[in-house]
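Engineer:
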Amino acid sequence: MDKIIKRIAIMTGGGDCPGLNAVIRAAVRTAIMKYGLEVVGVKEGYKGLYKGDFVKLDLNTISGILPRGGTILYSSNKDNLFLYPFVEDGKTVLKDVSDVGLNNLKNAGIDALIIIGGDGTLTSGRDYARKGVNIVGVPKTIDNDLASTDTTFGFDTAVAVATEALDRLHTTAESHHRIMCLEVMGRYAGWIALHAGVAGGADAILIPEIPYDINKVAEALLTRKDNGKEFGIVVVAEGAKSLTGEMVVNQVVENSPDPIRLGGVANVVANQLEKLVGLESRATILGHLQRGGSPSAFDRILSTRYGVRAVELVMEGKFGNMVTLKGNKMSFDTLENVIGQEKCVDPDGELVQTAKKIGVTFGD
Ligand code: F6P
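What the sequence shown shows, in numbering that gives the first Met the number 0, is residues 0 to 363, in sequence order.
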């Protein structure tokens, strides 16, 4: 693709996340106000790229969207153009239709594409970069599981929502002498559970990176009970698994690039703890509340920094990269490095150890 940049496109893909609109706003403002570029939005992620569904983005379109949840461009987590499902003779066959997207970009005169997404969306971004498209990625996900960046935008808001839920569960747990198990999202990483658990004063935090022994969790809650605290708060990451068990799958979404939807482990944990500890137990599955609504101040700022830096990378010709946050500094890394390197919680890391020092059990 030509490196003289006049017209760029922005796309949001995968599950939505607080801060998407803040990134779009920052990127559009930078592109127009600093560089005098034309900007278009690709609607509904890769589906829009396939259909050539583009919309002009100007200063008016993005006015007022900074605090808005969701994405004004819509999103989809089902459309991998490198393996696109078609039904032929009653059977689903997967075909590589990525060239359709490529031609749509060329026909629309788009010189570079900023892709705001998580692992799945950015994997296709890397594959388009390999095909010569001028791609810059922005790391989005409440799960915070993308490599090369310390923090993805959306994570801080999800942690805040989960922390507020824990505060609310505390009072009802205490009133009824119950164990309340809060299940939070995060896929195969325990970042939301760990951070919300520490911020919300949980007694136990169960994460995929540390397989738990339910008897050890029960022991900790029994000790609390013996000390007069007849209630307990347990944060369970949706990907948590016991030493002997598997992750709990709620749904298999056949036409999704990552078809597994986790969910329900908090019910299992609550039922077991009720029997072992002798306190009535309940499970709350927080679900998509963690993804919806207005971004936190931190996420608005981070999203703005990512959006601005993404456009700068485009103008510097640094394609095939994703913007990153390292410490408090903006940087970037190649999509080749980012993809396939899931960032998980280090069981020996500082925050896990801090939690353990104040008596939080991880069931290990
Ligand atoms: O990756 C973001 C995320 O919210 C995960 O935490 C969760 O496992 C998954 O997406 C849920 O996907 P869906 O919106 O398809 O139910």
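Glycine residues also receive a C-beta, built at the ideal position from the N, C-alpha and C atoms.
1. Could you check if M184 belongs to the surroundings of ligand 1, using beta carbon to heavy atom distance under 7 Å?
2. To the nearest angstrom, report how far apart A26 and V307 are at their CA atoms.
3. Return the chain-ordered list of same chain residues with a C-beta closer than 7 Å to the C-beta of D15, the five sequence neighbours on each side being excluded.
4. Are L193 and T283 closer than 8 Å when you measure CB to CB?
5. What is the rounded straight-line gap between the Cα of A198 and the Cα of L112?
6. On the DSSP bridge list, what partners appear for T205?
7. Looking only at its chain, what residues have a beta carbon closer than 8 Å to the beta carbon of I3, apart from the 5 residues adjacent to it on each side?
8. For Q340, which three-state DSSP category applies?
9. Along the alpha helix (DSSP H) that carries N226, what are the first and last residues, could you check?
10. Following a CB-centred definition, is I209 positioned closer than 7 Å to any heavy atom of ligand 1?
11. Taking the continuous alpha helix (DSSP H) assigned at G196, which residues delimit it?
12. May I ask whether a heavy atom of ligand 1 can be found less than 7 Å away from the beta carbon of T140?
13. Helix, strand or coil: how does DSSP classify I109 here?
14. So is I206 buried or exposed if we call it buried at 16+ other beta carbons inside 10 Å?
15. Confirm the yes/no value for this check: CB of G89, any heavy atom of ligand 1, distance under 7 Å.
16. So, is R24 buried or exposed, given that buried needs 16 or more other C-beta atoms within 10 angstroms?
17. Classify V233 as buried or exposed, calling it buried when 16 or more other Cβ atoms lie within 10 Å of its own Cβ.
18. Can you list, in chain order, the residues of its chain whose CB lies under 6 Å from that of D95, leaving out five sequence neighbours each side?
19. Mark A8 as exposed unless 16 or more other C-beta atoms lie within 10 angstroms of its C-beta, in which case mark it buried.
20. Can you give the Cα-Cα distance for S295 and V86, rounded to whole angstroms?
21. Considering only heavy atoms of ligand 1, does any lie closer than 7 Å to the CB of N76?
22. Identify the continuous beta strand (DSSP E) that holds R260 and give its terminal residues.
23. Going by beta-carbon coordinates alone, are A269 and C180 separated by less than 8 Å?
24. When the Cα atoms are used, what is the spatial distance from D1 to A30?
25. Among V247, V235, E37 and I141, which residue has its Cα nearest to the Cα of I178?
26. Nearest to E182 by alpha carbon, out of Q340, R299, V359 and V247?
27. For F81, decide whether its Cβ has a neighbour in chain C, counting only Cβ atoms nearer than 8 Å.
28. Put V248 into one of helix, strand or coil per three-state DSSP.
29. Smallest Cα separation from L101: which of D126, P84 and V92?
30. May I ask you to check if the CB of E237 is nearer than 7 Å to at least one heavy atom of ligand 1?
31. Can you grab the Cα-Cα spacing for the pair Y211 / G362, in whole Å?
32. Per DSSP, what kind of secondary structure is K325 in: helix, strand or coil?
33. For E315 and V39, what's the separation of their Cα atoms in angstroms?
Structural biologist: Straight from the coordinates:
1. yes
2. Cα to Cα, A26 sits roughly 5 Å from V307.
3. G69, T70, S74 and R290
4. no
5. 37 Å
6. One point to set straight first is that residue 205 is Leu, not Thr, in the sequence displayed. Answer is V235, bridged to L205.
7. D110
8. In the three-state reduction of the DSSP assignment, Q340 falls in the coil class.
9. Careful: N226 lies outside any alpha helix (DSSP H) and carries neither H nor E.
10. No, the beta carbon of I209 sits no closer than 7 Å to any heavy atom of ligand 1.
11. Segment W190 to A198, the alpha helix (DSSP H) holding G196.
12. yes
13. coil
14. buried
15. no
16. Burial check for R24: the Cβ neighbour count within 10 Å reaches 16 or more, so the residue is buried.
17. Counting the other CB atoms within 10 Å of its CB gives V233 a total of 16 or more, which places it among the buried residues.
18. F81
19. buried
20. 42 Å
21. yes
22. I259 to L261
23. Yes, they are a contact pair.
24. With a pLDDT of 49 at D1, under the threshold of 50, the modelled position of this residue cannot be trusted; read the value that follows with caution. The alpha-carbon atoms of D1 and A30 are separated by roughly 17 Å.
25. V235
26. V247
27. You won't find chain C in this structure, because it holds only one protein chain.
28. strand
29. D126
30. Answer for E237: yes, Cβ within range of ligand 1.
31. 4 Å
32. strand
33. 20 Å
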